[in-house]
Amino acid sequence: MSDHSQVKMTDMNYDKKRPAADNPVKVMDLTLRDGHQSLFATRGRTEDMIPVAELMDEVGFWAVETWGGATFDTMHRFLNEDPWERIRTLKRYFKKTPFSMLLRAQNLVGYRNYSDDLAKAFVDRAAANGMDIFRTFDALNDYRNFETVVPVIKECGKHFQGCICYTMTEPRLGGDVYNLDYYIKKAKALEAMGADSICIKDMAGLIAPYDAYKLVKELKQNVKPPIHLHSHFTSGMSPMSHLKAIEAGVDIIDTCMTPYAYRTSHAAIEPMVMTLLGTDRDTGFDIRHLAKINEILEKEILPKYKHLLDTSKVSIIDINVLLHQTPGGMLSNLVNQLREMDALDKIDEVYKELPRVRKDLGQIPLVTPTSQIVGIQTVNNVLFDDENERYKMITGQVKDLCYGLYGKTAVPINPDIQKKALKGYERGEEPITCRPAEVLEPELAKAQEEIKGLAVDLDDEILYAIYPVTGKKFLKWKYGKEEPPESVKAKTLEEALAEEELVKKALAGELIEKPAKEVPAKGENSRTFNVFVDDEYFEVGVDEVGGTPLVSYVQPQVVQAPVAAAPQAPAAAPQAPAAAPPKTPAAAAPAAPAPADSGAVEGTKLTAPMPGMIVKYEKQVGDTVEEGETMVILEAMKMENALPAPASGTVKAINYGSGDSVSKDDVLCVIG
Ligand code: CO
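Read in order, the letters of the sequence shown correspond to residues 333 to 1004 in the numbering used here.
And the structure:
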């Protein structure tokens, strides 16, 4: 089929008639960062980028985005990959195309403002490892949060791209806060800071084509640096917005290779190449070369990731963006959070509450981390508030925001909410107005001391400083101090295809309840696969006999409590661990009897109000605690929730440790 299409293209012979463009549109490719971040939960592995790297280097992209955003977090947490190593590895294949990263300004690649010493070290190391362009944004568009990182970018001789987060309070560009004036002022501020280029960062796909035209036209007239448009496809408007922005003179646009395009990702490059062909803004790209890259991605890479694509809806456009101006990623996070808490029926209330929370919190743009801050607070309000009290459970990050730790909000924060949030706040009840990092103690040396003996170099130390809990876990895997779990291991294309086939069969009902007595003797080459079908988990052994894969057994996995010795299924594969790991450790807990240490303990139980990960316990067994005092910090949707002690007394039992996942209603500790 592909041969046929290639023949046709050769027949068209369009190269001959193609004039060189006067002002070619420059293109940055996002496939290797925002593309898989948007569509495949940032799970792209370095080994799956290498097969196309050299071909992509030949396209003529202005830059390729390879790092930053969520990659740093996801790589070490879920992929057992060193994020720094990715830059160095890919750099060996990309010999001429510059690398770009998404830097969350003083938030670096995390979810809060870090101290100046850590921020400087991070940028310096990113540059040393091979980063060329630093696309820098602040979630509040408060450029005081650029003041530390920008001079380091410049000192390293790298490109500083300043972003304006595009957000709105009206259906179209305008209103009291985020109007044309606002954006022009921001662009001028970036120019004054020495921006080498200016990016309109439309993370939710909100910019409408005629607004893009108007905005780009104005920016081109008011500032000198090249203008770059980053607009997600989510709402369906971005290809039109690209075209209008190009007509208005935009210098650079962002696209993805087709298999990584559309939905909450970005428009594809190929239609744009054909659209501009022969015009004065012709990209000059060879469509046949792009087709070659696509074929590799489609056939050799995507089968490993397809299962991560959200195909719950047929439509590739999320009209909620048009209705509620809610960023696509944020919405799916909210839906997941509600689903895990059995509260999906509350989604309409969430839609209603969201703009109220956003307004209370200073009408802030919704982008990482503010989208999570506003999102989880909204969910908390909908689930825990009653008619007598609003903001019953305020997250740690909302408190930080109210204190001024993220920067200045577009409009003042609702003073009542601010007062409530800061009551008893550890840094003080009076909010700050200075640059946030000014009140942050240096933190790198402290982190270095803590991770001594495990970290080998500065890159390790920075990783730990930004992600203490998961970073430490990763460093143990990296240096062989701990065996990484199965879940972080890569799978091969063959395994992915075999799994896909098994899922198809399972869904068709062909794999159900095969009696144990029919199981043939297991061959020497038997391999074990974990197959997830909706909420069910099967362990599947596959024997290859005479080249034809034969399903030797399918074993629905029931998670056993550690105390009850599980009778082993007769056909259990020998290489599988005695108790196969459940889908998530937390999923097991509700079905299992309460752990021995808390089951026997009398007292008031503190249960998890939501699923999440334990960051830390503030008290130990034997400590006395006052009712209302913070007992546990629970991370949910990246936000930290301080859970108060439900009663005064002595801590009798603590059931989890730092880094453990818990489900809603799990007993975290007992106070008696
Ligand atoms: Co983006």
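Ideal placement from N, C-alpha and C gives every residue a C-beta, glycine not left out.
Distance from the CA atom of N973 to the CA atom of I726, rounded to whole angstroms, is 7 Å. Partner residues in the beta bridge of K358, as assigned by DSSP, are I584. If you draw a 10 Å sphere on the C-beta of E487, you find fewer than 16 other C-beta atoms in it, and that means exposed.
Rounded to whole angstroms, the separation of the alpha carbons of P541 and G568 is 11 Å. Distances from the CB of H564 to the heavy atoms of the ligand CO include at least one below 7 Å.
Put simply, of Q369, K428, H564 and T421 the residue whose alpha carbon is nearest the alpha carbon of D389 is K428. The beta carbon of Y811 lies closer than 8 Å to those of L786 and V788 in the same chain, with the five residues before and after it left out.
For D366, the CB falls within less than 7 Å of some heavy atom of the ligand CO.
In this structure, M589 has its beta carbon at no less than 7 Å from each heavy atom of the ligand CO.
Collapsing the DSSP output to three states places E958 in coil. Using a Cβ distance threshold of 8 Å, A471 and T700 count as a contacting pair. Distance from the Cα of M500 is smallest, within the candidate group G610, D513 and P415, for D513. Measuring C-alpha to C-alpha distances from Q952 to each of C1001, G728 and E934 identifies C1001 as the nearest. Secondary structure note for H560: it is in no alpha helix (DSSP H), and the uninterrupted beta strand (DSSP E) holding it is I559 to S563.
Placement of the Cβ of M569 at a distance of 7 Å or more from every heavy atom of the ligand CO is found.
Between I749 and D692 the beta-carbon gap is near 5 Å, inside 8 Å, which marks them as a contact. In this structure, K556 is the residue among K556, D508, D543 and I539 with its C-alpha nearest to the C-alpha of I530. Not one heavy atom of the ligand CO sits closer than 7 Å to the Cβ of M662.
The bridge partners DSSP lists for A395 are M360. Straight through space, the alpha carbons of R476 and P768 are spaced by roughly 8 Å.
Taking the CA atoms as reference points, E719 sits about 27 Å from E958. If only complete runs of 3 or more residues are kept, the stretch 400–472 shows the beta strand (DSSP E) at 431–435 and 465–468, in order along the chain. For Y683, same chain residues with a beta-carbon under 6 Å away, outside a window of 5 residues either side, are H656 in chain order. The three-state secondary structure of V706, taken from DSSP, is helix. In the three-state DSSP reduction, I532 falls in the strand class (E or B).
Per the Cβ contact rule, the stretch 489–509 is in contact with the stretch 520–530 (3 or more Cβ pairs under 8 Å). Nearest Cα to T398 within the set T374, P976 and S819: T374. The beta-bridge partner set that DSSP reports for C497 consists of K533. Taking C-beta atoms as the reference points, M945 and I584 fail to come closer than 8 Å. Sorting I798, A675, D732 and A977 by C-alpha distance to the C-alpha of N713 places A675 at the top. Distances from the CB of M535 to the heavy atoms of the ligand CO include at least one below 7 Å. T956 places its beta carbon 8 Å or farther from that of T936. Only buried fits I625, as 16 or more other CB atoms lie within 10 angstroms of its CB. Straight-line spacing of the CA atoms in V384 and E417 works out to 18 Å. The C-beta of A840 has fewer than 16 other C-beta atoms within 10 Å across all chains shown, which makes the residue exposed. When DSSP states are grouped into helix, strand and coil, T936 belongs to the strand group.
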